[in-house]
Amino acid sequence: MSVEPEARTDAGAEGLAAIRDRPREALIGFDFDGTLSPIVDDPAAARAHPGVVPALRRLAPLVGTVVVITGRPAATAVEAGGFADLDGLVVLGQYGRERWENGVLDVPEPPPGVAEVRAKLPRILANAPEGVAVEDKGLALAVHTRRAAEPQVALERLRSLIEALAERTGLAVEPGRFVLELRPPGMDKGAALRALAAERGASAVLFAGDDLGDLAAYDAIDALRKEGTPGVKVCSSSDEVTALAERADVVVDGPPGVVGLIERLADDLG
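Residue numbering for the sequence shown is 92 to 361, as defined by the numbering used here.
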């Protein structure tokens, strides 16, 4: 008997059926933070849910491609996820600018604007509320307010300053869950997902995410559907971000729910 995840839309049900019918040509993608890993106050302390690697180890041999697409550097995601010895996994870091596969890491040179932001952020944040922290990702820098006494107030207080700095340095601002990230423009999770789907000749695509940066991947799935490729949008739900749940075909309860979804897919395809 099938135990595949339950879709609440016809398009999502069609996508799941397409994955079931031709799994060796399917692409299954995931965000990292908030999807495979619980959100924590210190990004450096994030680790994948303990059920993720065993579940992905079951799923990977059954489908064409399993990919993690994250704003983190690819190497950081591999370490935080415990993915180093997970065969059949692709990790696209920095929204697709970096790629890790079979132990090989490909990282481009950062654009000049990143160095300028790195130099100017300390002065801009000199009077920021206590608890505001900067995460240096190499190709991007993220300003986190989660540890401030009033995270949303701190975020809004800094937003115009961060946006002005991004405009001066030619970078883009990526908002997230109590974070504003300054990164090179021209690449997002949707572009990364579409490029990999084309590279692999994917017959169906599923992507699971939780935050605003994942909406670009949802847009990519919508576009692929219009072009004839079935797709499934999965939301790892939270109280902090509701925009994804409103557009998702399948909604699960955070990283534990994502693990359950992976296990159900593996049961159904195995």
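Positions of the beta carbon are idealized from the N, C-alpha and C atoms, including for glycine.
Would you list the residues sitting across from residue i in a DSSP beta bridge?
i	result
K324	F298
T156	L118
S251	Answer by DSSP bridge pairing: none, since S251 is not bridged.
G184	E189
V128	Contrary to the premise, residue 128 reads as Ser rather than Val in this sequence. In DSSP, S128 forms a bridge with D124.
V342	C326
Is it true that the CB of residue j sits closer than 7 Å to the CB of residue i?
i	j	result
A283	V296	no
W191	V158	no
L352	P96	yes
K324	D305	no
L356	L180	no
V350	A299	no
A239	V223	yes
T100	D301	no
R115	G155	yes
L303	P266	yes
G292	G106	no
A257	K280	no
M278	R188	yes
R285	A311	yes
A146	E354	yes
A171	A219	no
L360	L183	no
L252	I215	yes
D132	R237	yes
A336	V342	yes
P134	P346	no
L118	A166	no
R268	Y309	no
L177	V234	no
Over what stretch of residues does the alpha helix (DSSP H) that includes residue i continue unbroken?
i	result
K170	It is Glu, not Lys, that sits at residue 170 in the sequence shown. Looking at the DSSP string, the run of the alpha helix (DSSP H) that includes E170 is 165-172.
A217	Unbroken run through A217: none, as it is neither H nor E.
V350	345-360
R111	101-112
L147	143-150
Could you give the residue range of the beta strand (DSSP E) that holds residue i?
i	result
V195	195-197
D227	224-227
L232	232-235
P266	263-267
task = Flag this pair as touching only if the region 228-243 and the region 159-171 have three or more C-beta atom pairs under 8 Å; answer yes or no.
result = Touching, yes, given that three or more Cβ pairs across the two stretches are closer than 8 Å.
query = Taking three-plus beta-carbon pairs below 8 Å as touching, is the region 134-143 in contact with the region 328-342?
reply = The region 134-143 vs the region 328-342: no contact.
task = Answer yes if the region 233-250 comes into contact with the region 193-211, meaning at least three C-beta pairs across the two stretches below 8 Å, and no otherwise.
result = Result no; under three Cβ-Cβ pairs closer than 8 Å.
query = Could you give the uninterrupted runs of the beta strand (DSSP E) lying entirely in the region 269-318, keeping only those of 3 residues or more?
reply = Segments of the beta strand (DSSP E) lying fully in the region 269-318: 270-274, 295-300.
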